[in-house]
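Right, one structure below, let's go through it.
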Amino acid sequence: MTAPGWYLVADIGATNARFSLAGEGGLADETVRLETASAARGVDLVDAALDELGRPAIAAACLAVAGPVQGGRGAITNGSLTFDVSELSAHLGRPVELVNDFIAQARSLPELERLRQLGGAAPQAGVKAVLGPGTGLGMGVLVPWDGGWRVLGSEGGHADLAPGSPLETELVAVLQMEHRHVSWETVLSGPGLERLYRAVCHLWGSEPEDLAAEQISARGENAADPVCHQTLELFFGLLGAAAGNLALTVYALGGVYVGGGIVPRLADFAAESPLRRRFEERGPMTGLIREVPLYLILDEDPGLVGALACLRDALARSGAER
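Residues 16 to 337 (the numbering used here) make up the sequence shown, in order.
Dropping the structure here:
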């Protein structure tokens, strides 16, 4: 893969970073996965990925990073790496686009091929929204615009968590003893699932084990451990509430999509969980939201798909401006 004209695209989270080459036909078969914390600087991480890919000649690059991007600079919210468009462009000698990872996730939505619908009717033409728990909780919005799409960023994962039952109110009180600000991300993330488990243990009066999110999921999925099972049920109920709030806030009649690193691995559990019920419980707007489709994203690398779409959009804009 040394022919000029390849694009470099990346989806860089707080834990893992994925890189791929792309051409006119889409993403190449090879995807490089690196630990985000393995590099001291953003440019070093990109260099390591290019080494793994065989140092191809590239025409442009798009990096989607898990944190806000402003003025050509971005930083991983739950990490330490920073990225600067000017530095990266000078280092690579090619134009670089830098976007938030859920800007890329949102832009991927029309391009996705593996979706599992949980309730609702057919999507209407209009706004689509996406959210996904991983190391954090990302959100993004996709708006039809002038024959194409415009993406709106969001940091809604850091909005105040809204409990929807007496049990959730008790859980928030427990979480507030440890966290000054209890947001959706406080519980709807990998670390959040662990916090939620400890809070449930507190309410049950049981001693929490030292369990990682993957272990809580595995124990809760088959109901072998009742505390982990209730934790997972609460997790998906809260996720449904967050998704329903997002649908109302942006009027996402085109559908709400759930991605991230946790939910796709638990798709069968999600389908039987309170996720869809809590999504629809919107008071006087329940009838409206009942028609909105809710999708689980099962595509392997939607962030890379979206990064490529963002790059093509940027190159098209720059060409039109010239």
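Backbone N, C-alpha and C define an ideal beta-carbon position, used for all residues, glycine too. Please read these numbers as outputs of a predicted model, since none were measured by experiment.
Following the DSSP letters along the chain, one finds I231 inside the alpha helix (DSSP H) bounded by residues A228 to E236.
With a minimum length of 3 residues, the unbroken runs of beta strand (DSSP E) contained wholly in the segment 253-279 fall at 271-273. Look at M300 here: in three-state DSSP terms it is helix. Three or more beta-carbon pairs separated by less than 8 Å are not found between the segment 243-250 and the segment 261-276, which leaves the two stretches without contact. In the three-state reduction of the DSSP assignment, D116 falls in the helix class, which pools H, G and I.
Boundaries around E45 are those of the beta strand (DSSP E), G41 to E50, since no alpha helix (DSSP H) includes it.
With a 10 Å radius around the Cβ and a threshold of 16 neighbouring Cβ atoms, W21 comes out buried.
In the same chain as G179, and ignoring 5 residues on each side of it, the C-beta atoms closer than 6 Å to its own belong to A256, in chain order. Annotation for V142: V156, L157, V158, P159, V265, Y266, A267, L268 and G269 place their beta carbon closer than 8 Å to its own, counting only its chain and skipping 5 residues before and after. Under the three-state reduction of DSSP output, D161 falls in the coil class, being neither helix nor strand. A contact between stretches requires three or more CB pairs, one per stretch, nearer than 8 Å, and the segment 107-115 meets this requirement with the segment 64-77. Counting other Cβ atoms within 10 Å of its Cβ, D99 reaches 16 or more and is therefore classed as buried. Of the candidates L42, G41, G40 and R48, R48 places its Cα closest to the Cα of R33. The distance from the Cβ of L319 to that of D26 is about 5 Å, consistent with a contact at the 8 Å cut-off. Q191 and V197 have their C-alpha atoms roughly 6 Å apart. Here the alpha carbons of S204 and R291 stand approximately 18 Å from one another. G259 sits close to R293, with the two beta carbons spaced by under 8 Å. For S35, the enclosing beta strand (DSSP E) covers residues N31 to G38. A214 counts as buried, since at least 16 other C-beta atoms from the protein chains shown sit within 10 angstroms of its C-beta. Straight-line measurement puts the Cα of T51 at about 38 Å from the Cα of E296. Put simply, the segment 128-141 does not touch the segment 83-100. Fewer than three CB pairs are less than 8 Å apart.
Judged by their CB atoms, G252 and P289 are nearer to each other than the 8 Å cut-off.
Using a Cβ distance threshold of 8 Å, C325 and E170 do not count as a contacting pair. In the structure shown, the three-state DSSP call for R292 is helix.
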